[in-house]
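The structure appears right after this line, and notes come after that.
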Amino acid sequence: MQRTVIILTIALVVGVAIGMLGHQVLIAQQSPIKRTILQQKDLEGVRGKEVIMFLAEIAPGGELGRHYHPGPEFFYILEGALTIEPDGKPPVTIKAGESWYGPAKYISNQKNASKTKPLKTITFMVVDKGQPLTTPIR
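Residue numbers for the sequence shown follow my numbering, beginning at 1 and rising by one.
Shown next, in the form of structure tokens:
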């Protein structure tokens, strides 16, 4: 009986530890960006292309990592400031009320310039239908 209690106690402790570790991994894997699609329409006169308009929200201190988009990206900063770190070029910070254009397959890291306030943008992208909006660079 005592051996069974010890085994069950060990199993419980191990189970709780694994659950806590799994929860931490899940939190670490959550994306720093939330995209809310506002419109998604076929680009008239251009077969296989679509325009996507979305609200992008990046958490305070959030960083997207090096990535590229399959098509051109146009955005306007509603709130906060975005620091863009393009490969091979100095960083650029875009503030509320400013806009920016990134050509297709432009590789950069983008991050919320604030550690305390969220960043919000309205973004338009022209992409091949069915393609992911972002491709990470490892």
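In this text, a Cβ means the ideal position worked out from N, Cα and C, and glycines have one as well.
- Considering only R66, G61, V51, R138, the residue with the shortest C-alpha distance to F75 is V51.
- If you ignore the 5 residues before and after A104, its C-beta comes within less than 6 Å of the C-beta of G71, P72, all in its own chain and listed in chain order.
- Cβ atoms of P136 and H67 come within 8 Å of each other, at about 5 Å.
- Cβ contact annotation for Y106 (same chain, cutoff 8 Å, sequence separation greater than five): Y68, H69, E73, P86, in chain order.
- DSSP, read as helix, strand or coil, puts Q131 in coil.
- It is roughly 14 Å from the alpha-carbon of A59 to the alpha-carbon of G65.
- With respect to the 8 Å criterion, P91 and I84 are classified as neighbours on the basis of their beta carbons.
- Residue pairing from DSSP places Y68 in a beta bridge opposite T135.
- Here the alpha carbon of Q131 sits roughly 59 Å from the alpha carbon of Q2.
- With 16 or more other Cβ atoms inside 10 Å of its own Cβ, K111 counts as buried.
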